[in-house]
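There are 2 protein chains.
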Amino acid sequence: MNTLSSTDRTRLTRLPERSGTDRSALYDILDAGLICHLGIIVNGSPRVLPTGYGRLDDTLYIHGSTGASSLMAGPSQDVCVTVTHLDGIVLARSVFHHSVNYRSAVIYGRPQSVTETDAKLTALRAITEQLAPGQWDATRAPSRKELAATAVLAIPLSEASVKLRQGPPSDDEPDHALDVWAGVLPVHQAFGPPRPDPLLRPGIPVPGHIAQRVTS
Amino acid sequence: MNTLSSTDRTRLTRLPERSGTDRSALYDILDAGLICHLGIIVNGSPRVLPTGYGRLDDTLYIHGSTGASSLMAGPSQDVCVTVTHLDGIVLARSVFHHSVNYRSAVIYGRPQSVTETDAKLTALRAITEQLAPGQWDATRAPSRKELAATAVLAIPLSEASVKLRQGPPSDDEPDHALDVWAGVLPVHQAFGPPRPDPLLRPGIPVPGHIAQRVTS
C-alpha cells in the first residue's frame, strides 16, 4: 500500500483511530473538493484564506494574482493547505458527544513557483478542471498577458495527513436509555440550476458537462 | 452603521470592492456557517484545522478536548478563524475569468480560556446550537467531568474582515462574442434524511427541529 508520510506535523496526537494512512484516501478527498483553506504566516500571525486548487499526481497547485500578498509570501515559507468535506451532523443523546462526520486532508509544504509556460498551463488546467470539469477545452485559453498576471505555486504532496469521522454518535452506554433521538443528519454539497450570464448571446445552450452537475 | 475595524491584517489589498464593511455582514456569515477553519502556528509553521464554533454578540467560541495540542497552543498566540460559504461556480467564456461566488469572514485574535462554569456552559450552548439548533435543550447537559475535559476559548470579534463575490462572470468585452456559454452554477449545502442511530430505542421519532432542516 502506498502510505502517507508520518512526520511530527502529520502524526495525529488526538484520536489516531480517525486517521487515514493510504495515499488513495488523500487523493479521494482532494479530488472531491472545490476549494481549500490556505494557511500562511503574515507578520508573525496565521492567516487562513479560501482559494481554488488542483491536483496532478503528487503535486497540489494553487494560483492567484501576481499582486496578491498572500501568494507572494508563499514561496519563501511553509504553508498548510486543508480540504474539508462536511458529511453529517452527529446528533447524540448528550451534548458532549455531538460531533460532525467529515473527511479532511491537511498538507504541509514549501510552495515552488511554476514559471515555465507549459507547466503553468498544465497547472492552470488542473485548477480549472477541479472547479469546473470540462471547462478548459470549452473556453478561451489564457493569453500571454493573462498568464503573466497569474502566479502559480506547486506544493508537493509529500507531507500530508487524512482525518475522518463517519458513522453514528458514540454516546455513553447509560445514555442509551434516555428518551432522546440520536443519529446523523447527512450534509452534502448540492448544485442548483445554472444561471446564464445576463450578457449571454441568445441561442447558446447550457453544455452537457455543466448541466449534468445539477443535483436540485 | 456599526462598522468593522480596519487593521493591517484585515484591510483588503486585493479587490477591495469585494470587501464588506458592516458588522451585520460579519454576523450573517458566521451565523450561517457550520464549521470554521482555525489557523494556528505550531513549531513555526501554519496549521489549518476544521472545527465547530459558536457566536454570542461580539465573541466567537471554539472548543476542544483539553488534550488537543492545537487548542492548548491557542491561548498564548494569535489565531485566525475563517468561515467560508461557497455560493456558486462562476463559469466564464475565458479560463482566466473563472471564479467562485462566495462569502467569507476572517477573524484575527488572541483566544482567552473560558473557565468559569456558567460562562463555559453558555459558550458550549452557542457552539452546540450553531451546529444543531434546538439540541441543547433536547439532550443531556454536560456533566461536571465532561465540562472539565472540554477546553473552551473565546475570541473577540474586534478584528475581522468580510469578503465576498456574487453575480455573473466578468468576461472581457471582446469575449462576449464567443460561442461559449457563460453563467453561474449555484452551490449550496443540503441536508438529507436523518439516519437514526442503530442503537436508538424504538418509538422515538425524529424531533421537529431536526426534521425541518432536511432539504432533500
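Sequences listed follow chains R and E, in order.
Mind the numbering: the first sequence is residues 1 to 216 in full-length UniProt numbering, read in order.
Mind the numbering: the second sequence is residues 1 to 216 in full-length UniProt numbering, read in order.
All residues carry an ideal CB built from backbone N, CA and C; glycine is no exception.
Quick caveat, the model's predicted, so the values are computed rather than measured.
Quick one: Cα of residue i to Cα of residue j, how far?
i, j, result
"proline 133 (chain R)", "proline 142 (chain E)", "46 Å"
"alanine 126 (chain R)", "serine 45 (chain R)", "30 Å"
"leucine 60 (chain E)", "leucine 124 (chain E)", "11 Å"
"aspartate 197 (chain R)", "valine 187 (chain R)", "29 Å"
"isoleucine 40 (chain E)", "glycine 39 (chain R)", "8 Å"
"cysteine 36 (chain E)", "glycine 52 (chain E)", "6 Å"
"valine 180 (chain E)", "cysteine 80 (chain E)", "40 Å"
"proline 50 (chain R)", "arginine 201 (chain R)", "32 Å"
"glycine 74 (chain R)", "leucine 26 (chain E)", "With a pLDDT of 47 at glycine 74 (chain R), under the threshold of 50, the predicted position of this residue should be treated as unreliable, and no value is reported."
"alanine 182 (chain R)", "glutamine 135 (chain E)", "10 Å"
"residue 218 (chain R)", "aspartate 118 (chain E)", "Nothing can be reported for residue 218 (chain R): it is not among the residues displayed for chain R, which extend from 1 to 216."
"threonine 10 (chain E)", "valine 42 (chain R)", "12 Å"
"phenylalanine 96 (chain R)", "isoleucine 204 (chain E)", "20 Å"
"glutamate 116 (chain E)", "leucine 199 (chain E)", "35 Å"
Is the CB of residue i under 8 Å away from at least one CB in chain E?
i, result
"histidine 63 (chain R)", "no"
"glutamine 189 (chain R)", "yes"
"tyrosine 53 (chain R)", "no"
"tyrosine 108 (chain R)", "yes"
"glycine 192 (chain R)", "yes"
"isoleucine 41 (chain R)", "yes"
"threonine 7 (chain R)", "no"
"leucine 124 (chain R)", "yes"
"glutamine 112 (chain R)", "no"
"leucine 199 (chain R)", "yes"
"alanine 25 (chain R)", "no"
"valine 48 (chain R)", "yes"
"isoleucine 89 (chain R)", "yes"
"isoleucine 29 (chain R)", "no"
"alanine 138 (chain R)", "yes"
"glutamine 135 (chain R)", "yes"
"glutamate 159 (chain R)", "no"
For residue i, I'd like the list of residues in its chain whose CB is within less than 6 Å of its CB, leaving aside the five on either flank, ordered along the chain.
i, result
"proline 194 (chain R)", "Val206 and Ile210"
"glycine 33 (chain R)", "Val83"
"proline 169 (chain E)", "Val90, Ala92, His97 and Ala182"
"histidine 63 (chain R)", "Ile127, Thr150 and Val152"
"glycine 208 (chain E)", "none"
"histidine 106 (chain E)", "The amino acid at residue 106 (chain E) is misidentified as histidine; the sequence shows valine. Contacts found: Thr82 and Ser161."
Taking Cβ positions only, does residue i come closer than 8 Å to chain R?
i, result
"serine 76 (chain E)", "no"
"glutamate 129 (chain E)", "no"
"threonine 115 (chain E)", "no"
"proline 202 (chain E)", "no"
"arginine 165 (chain E)", "no"
"alanine 105 (chain E)", "no"
"threonine 84 (chain E)", "yes"
"proline 156 (chain E)", "no"
"serine 45 (chain E)", "yes"
"leucine 185 (chain E)", "yes"
"aspartate 179 (chain E)", "yes"
Which whole-angstrom value is the C-beta distance of residue i and residue j, which I expect to be below 8 Å?
i, j, result
"valine 48 (chain E)", "threonine 139 (chain R)", "Rounded, the Cβ-Cβ distance is 31 Å, inconsistent with contact."
"aspartate 22 (chain R)", "arginine 55 (chain R)", "That pair is no contact at about 16 Å."
"serine 76 (chain R)", "threonine 150 (chain R)", "The pair is not a contact, with the Cβ atoms about 19 Å apart (cut-off 8 Å)."
"histidine 98 (chain R)", "threonine 122 (chain E)", "Actually they do not touch by this definition, with Cβ atoms about 16 Å apart."
"glutamine 189 (chain E)", "glutamine 130 (chain R)", "That pair is no contact at about 19 Å."
"leucine 147 (chain R)", "lysine 120 (chain R)", "6 Å"
With a CB to CB cut of under 8 Å and the five nearest residues on each side skipped, what residues in its chain are close to residue i?
i, result
"valine 214 (chain E)", "Phe191, Gly192, Pro193 and Pro194"
"residue 244 (chain E)", "Residue 244 (chain E) is absent from the model: chain E starts at 1 and stops at 216."
"alanine 177 (chain R)", "none"
Within the same chain, show all residues whose beta-carbon is closer than 7 Å to that of residue i, passing over the 5 residues directly before and after it, in chain order.
i, result
"glycine 67 (chain E)", "none"
"leucine 185 (chain R)", "Gly88, Ile89 and Leu91"
Review point. Are the segment 109-119 of chain E and the segment 164-174 of chain E in contact at 8 Å, needing three or more beta carbon pairs?
Key: no
**Study point:** Cβ contact check for the segment 85-102 of chain E and the segment 147-156 of chain E: 3 or more pairs under 8 Å
**Key:** no
Practice item. Mind the definition here: the segment 159-168 of chain R touches the segment 98-108 of chain R only if three or more C-beta pairs lie below 8 Å; say whether that holds. Key: yes
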